[in-house]
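Asker: For the sequence shown, position 133 (counting from the first letter as 1) is numbered 154 according to this note's numbering, and the numbering increases by one without interruption.
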Amino acid sequence: MGYSACAHAPSVYRAILTGEPYPVRAMIGIASNPLATQANVKLVCKALKALDLYVVLEYWLTPSAELADYVLPVASWLERPFCYGDLEHLILSLLEKKLYFPHSLENTIVKQITKSFVELALDLVKKRIGLGKI
Numbered sequence: 022m023g024y025s026a027c028a029h030a031p032s033v034y035r036a037i038l039t040g041e042p043y044p045v046r047a048m049i050g051i052a053s054n055p056l057a058t059q060a061n062v063k064l065v066c067k068a069l070k071a072l073d074l075y076v077v078l079e080y081w082l083t084p085s086a087e088l089a090d091y092v093l094p095v096a097s098w099l100e101r102p103f104c105y106g107d108l109e110h111l112i113l114s115l116l117e118k119k120l121y122f123p124h125s126l127e128n129t130i131v132k133q134i135t136k137s138f139v140e141l142a143l144d145l146v147k148k149r150i151g152l153g154k155i
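What follows is the structure, encoded as structure tokens:
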């Protein structure tokens, strides 16, 4: 068992607007679309608009992403390596990040042009603390 690194969403939105108990000036949203998933949409919308910086990592341009300063496209499950674990049946499978089109004369591979959430987060951390390749 571990702990989830998340906060009570309504408290975060109130902190953005009031600065209490501490100021929240920036937020990174990852495939979340709070305008569609959180209660009190007026509060959420007002808070997102009040941020100094709002970055969204998303598959689609959602209503929340439309409010962002930056929207970074992320790799879909078809574009990234994927490890799927089924603890109930103790099954682990790996998928390769290549798409094959069986009806073409040769198996065409679609080149990945986006990054996964982890790759984007590592890029941001490396730039922030001045690291090269990890």
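Think of the CB as a built atom: it goes at the ideal place given N, C-alpha and C, for glycine as much as any other residue.
State the DSSP-derived secondary structure class of Ala161, mapped to helix, strand or coil.
Answerer: Outside the displayed range of the chain (22 to 155) lies residue 161, so it cannot be described from this structure.
Asker: Taking the alpha-carbon positions, what's the Glu41 to Leu69 distance?
Answerer: As a first step, residue 41 must be located in the sequence shown, where it is residue number 20. As a first step, residue 69 must be located in the sequence shown, where it is residue number 48. Looking at the two C-alpha atoms, the distance is approximately 16 Å.
Asker: On the DSSP bridge list, what partners appear for Lys136?
Answerer: In the sequence shown, residue 136 corresponds to position 115, counting from 1. Paired residues: Val95.
Asker: Can you find the residues in the same chain that come closer than 6 Å, C-beta to C-beta, to Thr83, ignoring five residues on each side of it along the sequence?
Answerer: Here residue 83 is taken as the residue at index 62 of the sequence shown, counted from 1. Excluding sequence neighbours, Thr83 sits near Asn54.
Asker: Could you compute how far the alpha carbon of Lys67 sits from the alpha carbon of Leu38?
Answerer: To locate residue 67, count along the sequence shown from 1; it is residue 46. To locate residue 38, count along the sequence shown from 1; it is residue 17. Approximately 8 Å between the Cα atoms of the pair.
Asker: Between which two residues does the alpha helix (DSSP H) carrying Leu74 extend?
Answerer: On the sequence shown, residue 74 is found 53 positions in, with the first residue counted as 1. Leu74 -> not in any alpha helix (DSSP H); beta strand (DSSP E) instead, spanning Leu74 to Glu79.
Asker: Below 8 Å between beta carbons: does that hold for Ala52 and Leu78?
Answerer: Counted from its first residue, the sequence shown places residue 52 at position 31. Counted from its first residue, the sequence shown places residue 78 at position 57. For Ala52 and Leu78, yes; Cβs fall inside 8 Å.
Asker: Does the Cβ-Cβ distance between Leu74 and Val65 come in under 8 Å?
Answerer: Against the sequence shown, residue 74 aligns to sequence position 53. Against the sequence shown, residue 65 aligns to sequence position 44. No, these two residues do not count as a Cβ contact at 8 Å.
Asker: In whole angstroms, what separates the C-alpha of Pro31 from that of Ala86?
Answerer: Here residue 31 is taken as the residue at index 10 of the sequence shown, counted from 1. Here residue 86 is taken as the residue at index 65 of the sequence shown, counted from 1. So the alpha carbons of these two residues sit roughly 19 Å apart.
Asker: Using the Cα positions of Ala71 and Lys136, report the straight-line distance between them to the nearest angstrom.
Answerer: Indexing the sequence shown from 1 puts residue 71 at position 50. Indexing the sequence shown from 1 puts residue 136 at position 115. Looking at the two C-alpha atoms, the distance is approximately 28 Å.
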